[in-house]
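Colleague: The structure's right below; bear with me while I get my questions together.
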Amino acid sequence: EPYANATRLHAMNLRTHQTPVYSSHASRSGPPTILRNRGDVFTGNAKDGRRASSAIAMASAPAAGAVSWIESNLAHLGKVTGEQFQGGSSWSSAYIYTTSSGTKLFVKTALGRDEAMFRGEALGLQAMYDTHTIRTPKVLHYGPLEASGSFIVMEALDMGGSPSQAELGRRLALMHLAPPKDENAAAGKFGFPVNNTIGGTPQPNAWMSDWVEFFREKRLAHQIKLAGDSTLSRLGDKLLPNLGQFFEGAGEIKPSVLHGDLWSGNISSVSGEPVIFDPATYYGHHEAEWGMSWCAGFGPEFWNAYHELVPRAPGWEERHQLYTLYHILNHYNLFGGSYYNQAKSIMNNLVAKV
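Under the numbering used here, the first residue of the sequence shown carries the number 479, and numbering increases by one thereafter.
Printed below as a string of structure tokens:
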């Protein structure tokens, strides 16, 4: 679904990146998410660029800094003449801007949050792009808004429909098998150059040499601490010291580039080609990618294509529960409700096996 990442109320991932990437037009490994058009806030019929820009600034004053950046740094695209609000979450809003040349750009803004929120998203998209295996949105820039807040600019892809399940599985397998470009990951370490977010939750990514230790400390222990619940903490005290036994059949674990938040709302297609976006990227065990598969809709064709290239290792089912637990705990920390009982149930099941 076009720009589904910006429309989900659940946790639109506004993350963190390091070096802005500049591009003047949509590339094949292209822009980020494209949301469904939800109505024009402003459609440009102004006779001159200044009037158009002024109208857009009035239509969405918080995004004025993004419009100024586009017109100053992508001048060859012309003035911004149209704005379409695409939706948002409690921590961001998304727009598609049209320039006088007809080029469309996807922009997200986050009021009251500094640019670190978008640094991880941009770095994550770039890390996946660098594998040359699957299409991702192309980041053009991120930076501070003129008012308090930050923004990120990406190419706008004409996304729509679902990709081939088999092709999606094959592309993701190739992404996981690709040698990491980051020097720390290439040296066998797990983590990411910056901390980012999973939904609106901080996700720590300091480099560690041991995957089980990384997943214990930077993922499960982190979420359990955020939950602040005595029952979950007691279960964690029993589970976390014994994580290693669930990895005895996993073989050698090497760092793979992970999307990190792969569910159906972050998957789409462009002319039938799979595209993924709105990541919570880090370098980790490839199986950790499937912690959100409970709301991804992957079918037999997907799994057959994926496991043809990346065979399923013994103990996969128990590790899948561990990786699901991370995301269920995060959903509890974000939304509360029934996710608490789901987290407690998974932890009880795993504790019974240690």
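No residue lacks a Cβ here, since even glycine has one placed at the ideal position from N, Cα and C.
Quick check for students: name the residue ranges of the beta strand (DSSP E) that lie wholly in the segment 728–796, counting only runs of 3 or more.
Modeller: 734–736, 745–748, 751–754 and 760–762
Colleague: If you reduce the DSSP assignment to three classes, tell me which class Ser642 lands in.
Modeller: Reduced to three states, the DSSP call for Ser642 is coil.
Colleague: Tell me whether the beta-carbon of Phe563 lies closer than 9 Å to the beta-carbon of Phe596.
Modeller: no
Colleague: Could you say which of Glu561, Arg697 and Leu787 lies nearest to Leu807 if we only look at CA atoms?
Modeller: The alpha carbon of Leu807 has as its nearest neighbour, out of Glu561, Arg697 and Leu787, the alpha carbon of Arg697.
Colleague: Give me the residue from Leu583, Thr559, Leu589 and Lys557 with the minimum Cα distance to Trp569.
Modeller: Leu589
Colleague: According to DSSP, is Phe670 part of a helix, a strand, or is it coil?
Modeller: coil
Colleague: Using the Cβ count rule (16 or more neighbours within 10 Å means buried), how would you classify Asn683?
Modeller: Buried, because 16 or more other Cβ atoms sit within 10 Å of the Cβ of Asn683.
Colleague: If Ile574 and Lys582 are in contact, beta carbons under 8 Å, what's the gap, nearest whole angstrom?
Modeller: 5 Å
Colleague: So which of His700, Gly638, Asp592 and Val631 has the shortest CA-CA distance to Pro622?
Modeller: The shortest Cα separation from Pro622 among His700, Gly638, Asp592 and Val631 belongs to Asp592.
Colleague: With distances taken between CB atoms, is the gap from Ser742 to Met637 smaller than 9 Å?
Modeller: For Ser742 and Met637, no; Cβs fall outside 9 Å.
Colleague: Using the rule of at least 16 other Cβ atoms within 10 Å of the residue's Cβ for burial, across every protein chain shown, is Val558 buried or exposed?
Modeller: So Val558 counts as buried.
Colleague: Can you find at least 3 beta carbon pairs, one from the segment 699–714 and one from the segment 729–736, that sit closer than 8 Å?
Modeller: no
Colleague: At which residues does the beta strand (DSSP E) containing Lys582 begin and terminate?
Modeller: Lys582 to Leu589
Colleague: Nearest to Lys616 by CA position, among Ser626, Ala605 and Ala625, is which residue?
Modeller: Minimum Cα-Cα distance from Lys616 among the listed residues Ser626, Ala605 and Ala625 corresponds to Ala605.
Colleague: Run the CB neighbour count on Val832, radius 10 Å, all protein chains shown included, and call it buried at 16 or more, exposed below.
Modeller: exposed
Colleague: Return helix, strand or coil for Pro680, following the three-state DSSP convention.
Modeller: DSSP places Pro680 in strand when its eight states are reduced to three.
Colleague: Report the three-state DSSP secondary structure of Met686 (helix, strand or coil).
Modeller: Strand.
Colleague: Pair every Cβ in the segment 659–677 with every Cβ in the segment 769–784, then say whether three or more of these pairs are closer than 8 Å.
Modeller: no
Colleague: Compute the Euclidean distance between the alpha carbons of Leu552 and Glu765, then round it to the nearest angstrom.
Modeller: 40 Å
Colleague: Would you list the residues sitting across from Ala553 in a DSSP beta bridge?
Modeller: Residue pairing by DSSP leaves Ala553 without any beta bridge partner.
Colleague: Which of the three DSSP states, helix, strand or coil, is assigned to His619?
Modeller: strand
Colleague: Among Glu661, Ser550, Phe724 and Phe584, which residue has its Cα nearest to the Cα of Gly560?
Modeller: Phe584
Colleague: Drop a sphere of 10 angstroms on the beta-carbon of Pro671, count the other beta-carbons inside from all chains shown, and report buried for 16 or more, exposed for fewer.
Modeller: buried
Colleague: Kindly indicate which residue of Glu633, Lys659, Asn811 and Thr609 has the alpha-carbon position closest to the one of Ala651.
Modeller: Thr609
Colleague: Kindly indicate which three-state DSSP category Val832 falls into: helix, strand or coil?
Modeller: coil
Colleague: When DSSP labels each residue in this structure, what does Ala840 get in the three-state scheme?
Modeller: Shown here, the chain extends from 479 to 832; a query on residue 840 therefore has no answer.
Colleague: Going by CA-CA distance only, name the one from Pro752, Leu717 and Leu787 that's closest to Tyr804.
Modeller: Leu717
Colleague: Could you give the residue range of the beta strand (DSSP E) that holds Phe563?
Modeller: Secondary structure note for Phe563: its beta strand (DSSP E) is the uninterrupted segment Val558 to Gly566.
Colleague: What first and last residue would you give for the alpha helix (DSSP H) that runs through Ile702?
Modeller: Ala699 to Ala705
Colleague: Between Trp794 and the rest of its own chain, which residues show a CB-CB distance below 6 Å, the 5 nearest in sequence each way excluded?
Modeller: none
Colleague: Would the beta-carbon of Asn826 fall within 9 Å of that of Leu704?
Modeller: Taking 9 Å as the Cβ cut-off, Asn826 and Leu704 do not qualify as a contacting pair.
Colleague: Output yes if chain D places a C-beta closer than 9 Å to the C-beta of Met686; else output no.
Modeller: Looking at the structure shown, chain D is missing, and only one protein chain is on hand.
Colleague: For Met686, which of Gly543, Tyr760 and Asn782 has the nearest alpha-carbon?
Modeller: Minimum Cα distance to Met686 is reached at Tyr760.
Colleague: Excluding the five sequence neighbours on either side, which residues of its own chain have a C-beta within less than 6 Å of the C-beta of Leu555, listed in chain order?
Modeller: Thr577, Ser579 and Thr581
Colleague: Quick check: the Cα distance between Glu661 and Thr802, rounded to an integer number of angstroms?
Modeller: 28 Å
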